[in-house]
Amino acid sequence: MSKPVAKAIAAAKTNKTPDSLVKCEVEVESGVWVSPESCATYKIDADANFPSIVFEIKTEIPGPYEWSWEIKWVVLACPQKKSKPRFKPKRGKTYSLRGRFSSSSKQWQANLDGQVIGGELTVCVKAGVKLFTRKTVIEGTEPGRDAVLKELASFAESQPREANLAKRIFTQETNFHHFYSDGQPLVSFDNGYGLGQATTPVPTYEQAWSWKKHVGYIVKSVIVDKRKLAKKYLDRHGKYSEDDLDVETLVYYNGANYHYFVWDEKSKSWIKNESVLCDPLQSNTGWDLANQENQGKAIEQLRKGEGGKPKYTGRCYAEHILKREGRGE
4 MSKPVAKAIA AAKTNKTPDS LVKCEVEVES GVWVSPESCA TYKIDADANF
54 PSIVFEIKTE IPGPYEWSWE IKWVVLACPQ KKSKPRFKPK RGKTYSLRGR
104 FSSSSKQWQA NLDGQVIGGE LTVCVKAGVK LFTRKTVIEG TEPGRDAVLK
154 ELASFAESQP REANLAKRIF TQETNFHHFY SDGQPLVSFD NGYGLGQATT
204 PVPTYEQAWS WKKHVGYIVK SVIVDKRKLA KKYLDRHGKY SEDDLDVETL
254 VYYNGANYHY FVWDEKSKSW IKNESVLCDP LQSNTGWDLA NQENQGKAIE
304 QLRKGEGGKP KYTGRCYAEH ILKREGRGE
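Quick note on numbering: the numbering used here labels position 13 of the sequence shown as 16, and the sequence is numbered without any gaps.
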């Protein structure tokens, strides 16, 4: 008997419908099942392997049986402090993947097109006129700092600069955490996902859930793109080091509304941008000193609102990382 293969028919679909956390609705289930238990929770392991889940129906109706499955994850933001309620992010999103196949077997070991993804998994089987429906929940397991560093080390030869930047970013963004206390990926208010909290390009379903795919997405895609933008900016005048390029890449990673380096015509060199006063207690917040309301004010005054509004800026993001590493002034 040939082994059934779950073929995806729609991948990583999204919509803007806000929703609650993953909930398993027992009342919509139907038919008698041998396994799994209704609304059972399974874990993607710490090495980013999809769990072993065997779906099996109990019936005397002869095959073939028409199987279909759908997994869905409604994205909600979360504070990084554990066990606090999630909330609606700036842009509501739902990831989903589904597939179908025909089989003479009453049993199927879940294989979601080979992808490591989580959320609410619904499996349906049609046997004659009888419909069987079962729901389970898939959650993730935190890999830990050492595992993430080991994965980053695999890029050390081919992309050493990008891998090192990813390490610095993971330290800054999430302290090497990928999942929240509810077993779903970390999501920021502005739709940043997982270890790197990156927003663009928007990660695929698997890049959001599999921490290993996420590391590759950050190193091979996000940082590469930001580094190209930083290089284009610095190439306007040249005369910069690879370390300078790394710093400006960090700026672009967080949004380059203010650059870390600006060109000084007098010295014909790139110098530190002093037009922004960064708050050392915040990761990416500062005040534009070109704004007269902010000039001549101490940090304590600006924090109290005695000047203009602070701004989120990649300039201060890069400075915060450098100072944490003991590299800043």
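Where a beta carbon is used, it is the ideal one built from N, C-alpha and C, also for glycine.
Nothing here was measured: the structure is a model prediction, and the numbers come from that model.
| Asked | Found |
| --- | --- |
| Touching by the beta-carbon criterion (3+ pairs, under 8 Å), the segment 152-161 and the segment 90-105 | no |
| Top-ranked residue by Cα proximity to A49, from A150, T139, C81 and A43 | A150 |
| Sequence-distant residues of the same chain with beta carbon closer than 6 Å to Y243, five excluded per side | L237 and W273 |
| CB contact flag (F264, K275, <8 Å) | yes |
| Segments assigned beta strand (DSSP E), at least 3 residues, entirely inside the segment 249-321 | 264-267, 272-275, 279-281 and 288-291 |
| Of the listed residues N260, E277, G258 and A259, nearest to G267 (C-alpha basis) | The residue you asked about is not Gly; residue 267 is Asp in the sequence shown. It is E277. |
| Touch test, the segment 56-71 against the segment 99-110, Cβ-Cβ under 8 Å, three pairs minimum | yes |
| Residue-level contact to chain D via CB, Y68, 8 Å cutoff | Here chain D cannot be found, since the structure has a single protein chain. |
| Residue from G199, L292, D282 and D249 with nearest C-alpha to K307 | D282 |
| Own chain partners of G131 with C-beta closer than 8 Å, once the 5 adjacent residues on each side are dropped | I64 |
| Buried versus exposed call for G2 [16 or more other C-beta atoms within 10 Å across all chains shown] | Outside the modelled stretch of the chain, which goes from 4 to 332, sits residue 2, for which no answer is possible. |
| Helix, strand or coil at R230 according to DSSP, with G and I counted as helix | helix |
| CB-CB length for E69 against V126, believed under 8 Å | That pair is no contact at about 12 Å. |
| Coarse secondary structure for E69, derived from DSSP in three states | strand |
| Proximity below 8 Å, CB of R101 to CB of E73 | yes |
| Extent of the continuous alpha helix (DSSP H) run through L382 | There is simply no residue 382 to check, as the chain begins at 4 and stops at 332 in what is shown. |
| For K216 and D246, the rounded distance between their alpha carbons | 27 Å |
| Option nearest R148 by Cα separation, candidates Y261, Q162 and R171 | R171 |
| Secondary structure, alpha helix (DSSP H): runs of 4+ residues fully inside the segment 125-204 | 148-156 and 163-176 |
| Run of the beta strand (DSSP E) containing Q210, from where it starts to where it stops | Not the beta strand (DSSP E): Q210 falls in the alpha helix (DSSP H), residues Y208 to W212. |
| Contact belief for E296 with G311 at Cβ below 8 Å, rounded distance in angstroms | 4 Å |
| Beta-carbon proximity check, L168 vs L284, cutoff 8 Å | no |
| Member of C42, F53 and Y45 whose CA lies at the smallest distance from the CA of E209 | F53 |
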